[in-house]
Amino acid sequence: MTTTLAVGGPTARSPSVVGAARPPNRRAQQITGRTYLSHSQISLMRSCPKKFSFLYVEKAPPDFIPNSLIFGGSIHAALELHYRCKLEGLSVTYEALLSAFHDAWRQQLHKAREAAGHDVPVQFAKNQDVDTAHALAARMITAFLASPLASPKGVIVGIEEELRIILDPQLPDVLAKVDLLTHTDNSLHVIDFKTSRSEWKDQKARESADQLLLYGSTVQKMAQAIDLAVKLHFAVLTKHKAPRVQLLPVTLDDGRIQTLREDVNQIWQAIQSGHFYPSPSPMNCSTCPFKSRCPVFAR
Ligand code: SF4
23 MTTTLAVGGP
33 TARSPSVVGA
43 ARPPNRRAQQ
53 ITGRTYLSHS
63 QISLMRSCPK
73 KFSFLYVEKA
83 PPDFIPNSLI
93 FGGSIHAALE
103 LHYRCKLEGL
113 SVTYEALLSA
123 FHDAWRQQLH
133 KAREAAGHDV
143 PVQFAKNQDV
153 DTAHALAARM
163 ITAFLASPLA
173 SPKGVIVGIE
183 EELRIILDPQ
193 LPDVLAKVDL
203 LTHTDNSLHV
213 IDFKTSRSEW
223 KDQKARESAD
233 QLLLYGSTVQ
243 KMAQAIDLAV
253 KLHFAVLTKH
263 KAPRVQLLPV
273 TLDDGRIQTL
283 REDVNQIWQA
293 IQSGHFYPSP
303 SPMNCSTCPF
313 KSRCPVFAR
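This is the structure in structure tokens:
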């Protein structure tokens, strides 16, 4: 389900009406084909605007599909099935969750290849292939099922909820997807799942908090109406040989929301003016599927 909310006012309107009617949404559609900005688009503009352009503006065919992309989405699909069954009062087996992972992995690969327009290969991390990746998924699902996260306290009130957020009237809606929303006696808990090669420290949670802060600021308006506090958490599943499951809190901070609003405004200005410069770095470029067409490497 998609809901549209205005940060600073608990306004909920039909997403189709907002998506079609607001001028910044129409402008975003002209540039990227979408009537919104997503959190991953904002992150990509921050890390490399040229890669953003290849992916969202030029829609250039990639050299490969990073396994990390389809792997994370497929783990999410398995967790989604787990929580949907819990919500319905049904039990679900480990085998069913693993099967959900495999189905999602195949579907996402098919979708990515369709979008690429050719039979693009999957690129795995060093010493990894499809079998080791799927064995890792099995270990991660086992670790998840053994963790307290598999049976969250309180009542599940939302799974994979899409929110379209109006951060500023001059900006397109920002699309955010809340992985899990639960309700305990006096709090609404917003939980975002991540898969990671290493454990997260508090510093990493703080640095990655924008997405959760966006969700929190919108849910806060609804929570206040029923006298509930909002609590934000990252749930991290590591890709270790023996995967670990972490739950890290993030503080809802109004000052940070204001900074985020200004930051997104600047990013939107750059997108509109077509200011898509390459930002090479070992971290950005080593996994970039557009390296073969990037002007930095052509030189
Ligand atoms: S190769 Fe590096 S600089 Fe070029 S688009 Fe990719 S991430 Fe950006």
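Every position in the sequence shown, counted from 1, becomes a number in my numbering once 22 is added. Think of the CB as a built atom: it goes at the ideal place given N, C-alpha and C, for glycine as much as any other residue.
So, for residue i: in the same chain, excluding its five sequence neighbours on each side, which residues have a beta-carbon less than 7 Å away from its beta-carbon?
i	result
ALA292	MET67, PRO71
THR309	PRO88
GLY94	THR217
PRO46	GLN192, LEU193, PRO194
ALA138	PRO83, PRO84
So what does residue i bridge to, in DSSP terms?
i	result
SER209	ALA251
ARG228	Beta-bridge pairing links ARG228 to no other residue.
ASP14	Residue coverage of the chain in this structure runs from 23 to 321, which leaves residue 14 outside it and unanswerable.
LEU203	GLY180, VAL212
VAL144	ILE87
Three-state secondary structure (DSSP) at residue i?
i	result
THR57	coil
PRO317	helix
ALA43	helix
ASP322	Given a span of 23 to 321 for the chain in the structure shown, any question on residue 322 remains unanswerable.
PHE76	helix
ARG68	helix
LEU269	strand
ASP288	Reading off the sequence, residue 288 comes out as Gln, not Asp. DSSP places GLN288 in helix when its eight states are reduced to three.
THR309	coil
PHE93	helix
ARG48	helix
PRO302	coil
LEU274	coil
LYS243	helix
LYS133	helix
ASP153	helix
ALA82	coil
ARG161	helix
Spatial neighbours of residue i within its chain, please: C-beta separation below 8 Å, excluding the five flanking residues on both sides.
i	result
LEU120	ALA100, ALA159, ALA160, ILE163
LEU27	Residue placement at LEU27 cannot be trusted, given a pLDDT of 45 that sits under 50; the coordinates are not used to answer.
GLN328	A question about residue 328 goes unanswered here, because the residues of the chain that appear run from 23 up to 321.
Taking 6 Å as the limit between beta carbons, can you name the residues of its chain near residue i, skipping five residues before and five after?
i	result
SER218	VAL258, THR260
SER314	ASP85
TYR237	ALA198, VAL200, VAL212
ALA231	VAL272
PRO143	PHE86
ASP214	ASP201, LEU234, PHE256
THR206	LYS175, GLY176
GLY30	For GLY30, the pLDDT reaches just 40, beneath the cut-off of 50, and the residue's location in the model is therefore unreliable, leaving the point undetermined.
**OP:** Would you check if there are 3 or more beta carbon pairs closer than 8 Å linking the region 174 to 184 to the region 221 to 234?
**Re:** The region 174 to 184 is not in contact with the region 221 to 234.
**OP:** Note down, one range per segment and in chain order, each alpha helix (DSSP H) of at least 4 residues found wholly within the region 98 to 129.
**Re:** Segments of the alpha helix (DSSP H) lying fully in the region 98 to 129: there are none.
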